[in-house]
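Below is one structure, written out as structure tokens; comments come after it.
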Amino acid sequence: MKLLSTFASGLVFGLGLIISGMANPAKVQNFLDIFGTWDPSLALVMGGAIAVGMPGLWLVGKRAKPFFHDVFHLPTRSDIDKPLIIGSALFGIGWGIGGFCPGPALTASPLADPKTLTFVAAMLIGMIAAKYFAMIAARKEVPAE
């Protein structure tokens, strides 16, 4: 049942991205181009996602555990640090240049557009590099015994 619910959630998410136009980089870039061909419809997509997500988050707080797992995996940190700021800036720059964030990029990748596939490849390389550098930084923080 867990696998089926995961598949259904991913399918609904992917369909929502496609129907809303989020899988189209031009739509995202036009949203970010406030002094040019600005398209405010993406704000409605984000607002709709928040409207659906907020009650879900409220329900999470009311339950002792998820339906198909033993525990909830919720963030425990709330501080704002240098890696968060740098990572957010890099994410935003990549979003603005490429017109994609990870979910829509993966949703659009089966269309095999060379620009999309290049973005996905660069995104994956960036994710691997970030994990590698985080492991190196974590090793430096642990005192040698």
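Residue numbers are given in my numbering: position 100 of the sequence shown equals residue 89, and the series is strictly consecutive.
All residues carry an ideal CB built from backbone N, CA and C; glycine is no exception.
- [ ] Would you check if the stretch 81 to 101 and the stretch 10 to 29 touch, i.e. whether three or more CB-CB distances between them fall below 8 Å?
- [x] yes
Task: Coarse secondary structure for K54, derived from DSSP in three states - done: Along the sequence shown, read from residue 1 onward, the residue named residue 54 stands at position 65. Note: K54 maps to coil in three-state DSSP.
Task: Buried/exposed call for G88, threshold 16 Cβ in 10 Å - done: The residue you call residue 88 lines up with position 99 of the sequence shown. That one is buried.
Open item on the list: If you reduce the DSSP assignment to three classes, tell me which class A12 lands in.
Closed with: Within the sequence shown, residue 12 is the residue found at index 23, counting from 1. In this structure, A12 counts as coil in the three-state DSSP scheme.
TODO: Mind reading off the beta-carbon distance from F2 to G92? Whole number of angstroms is fine, and I expect it under 8 Å.
DONE: As a position in the sequence shown, residue 2 is number 13, starting the count at 1. As a position in the sequence shown, residue 92 is number 103, starting the count at 1. With a Cβ gap of about 7 Å, F2 and G92 count as contacting.
TODO: With a 10 Å radius around its C-beta and 16 neighbouring C-beta atoms as the bar for buried, classify F80 as buried or exposed.
DONE: For the purposes of this step, residue 80 is identified with residue 91 of the sequence shown, where counting begins at 1. Exposed, because fewer than 16 other Cβ atoms sit within 10 Å of the Cβ of F80.
Task: Alpha-carbon spacing of M116 relative to I69, whole angstroms - done: One-based indexing of the sequence shown puts residue 116 at position 127. One-based indexing of the sequence shown puts residue 69 at position 80. So the two alpha carbons sit approximately 20 Å from each other.
Open item on the list: Looking at T105: is its Cβ nearer than 8 Å to the Cβ of A94?
Closed with: As a working mapping, residue 105 is identified with position 116 in the sequence shown. As a working mapping, residue 94 is identified with position 105 in the sequence shown. The answer is yes: Cβ separation under 8 Å.
Task: Per-residue burial, M(-10) [other beta carbons within 10 Å of its own, 16 or more giving buried] - done: Taking the sequence shown and counting its residues from 1, the one referred to as residue -10 is at position 1. Exposed.
Open item on the list: Against chain B, does Y121 count as a neighbour if the rule is that its beta carbon must be under 8 Å from one of theirs?
Closed with: You won't find chain B in this structure, because it holds only one protein chain.
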